[in-house]
Amino acid sequence: MSLSRRAFFGAARAEPAFRPPWALAEAAFQEACTRCGECLAVCPTGLLVKGGGGYPEAVFGAGQAPEGCTFCGECRRVCRPQALREVAGQAPWVLQAVFSAACLAERSVVCRTCGESCETRAIHFPPALGGVSRPRLDAAACTGCGACLADCPTQAIRIAAPNSPSLALRGAA
Ligand code: SF4
Ligand code: SF4
Ligand code: SF4
């Protein structure tokens, strides 16, 4: 999305931050992570930043990493103390997209941008009789990558960790 469009629809706002993908549970993560910053250095999308206490955080939001997380695995690969560790059968994280009332559909404006941004086709627009279709998330298909968030013209999408408070550092639902 262009800067001018984003400026038209509203100023940037802070988004909640989370640990990088494949992070251990919070206490174990803080014990293992040496705050070396190598995951930040290799992240091709710029999603990871140095956060509180020097620990890495994944920050979604306006102006931050438009591609979100591509799950390239580079952060995990360079993490020598294995604070980021793949566990068989477990997703990299439990983050998911959440839609707010700022969605254009709430103003009867047709928009499918987020659906087009989603590689896994996790966003659907069920027919709405006499109205405008609202985006609906297929939670099983959403990876929490954040690509839809970056493209939404009204910043109506945020990434949240509904079932795993240990992953959220601040402000998550
Ligand atoms: S998986 Fe890749 S894109 Fe995602 S946080 Fe790690 S290095 Fe960045
Ligand atoms: S991109 Fe944003 S405004 Fe458009 S349908 Fe999706 S949530 Fe609504
Ligand atoms: S977070 Fe990623 S997978 Fe989930 S709806 Fe948005 S683009 Fe699709």
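Numbered by UniProt numbering, the letters in the sequence shown go through residues 1 to 173 in order.
Ideal placement from N, C-alpha and C gives every residue a C-beta, glycine not left out.
Report task. Please classify residue 128: is it buried, with 16 or more other beta-carbons within 10 angstroms of its beta-carbon, or exposed? Result -> By the neighbour-count rule (16 or more Cβ atoms within 10 Å), residue 128 is not buried but exposed.
Query - At least 3 beta-carbon pairs within less than 8 Å: the region 55-66 vs the region 129-137 - result: no
Report task. Closer than 7 Å by C-beta to residue 114: which residues in its own chain qualify, once you throw out the five before and the five after it? Chain order, please. Result -> 123, 135, 148, 151, 152 and 157
**Report entry** Contacting residues, own chain, Cβ-Cβ under 6 Å from residue 117 (five flanking each side not counted)
**Finding:** 147, 148 and 151
Query raised in the report: For ligand 5, is there a heavy atom less than 7 Å away from the beta-carbon of residue 81?
Result: The ligand content of the structure shown is limited to ligand 1, ligand 2 and ligand 3, which means ligand 5 is not among them.
**Report entry** 7 Å Cβ shell around residue 42 - same chain, five flanking residues per side excluded
**Finding:** 74, 75 and 78
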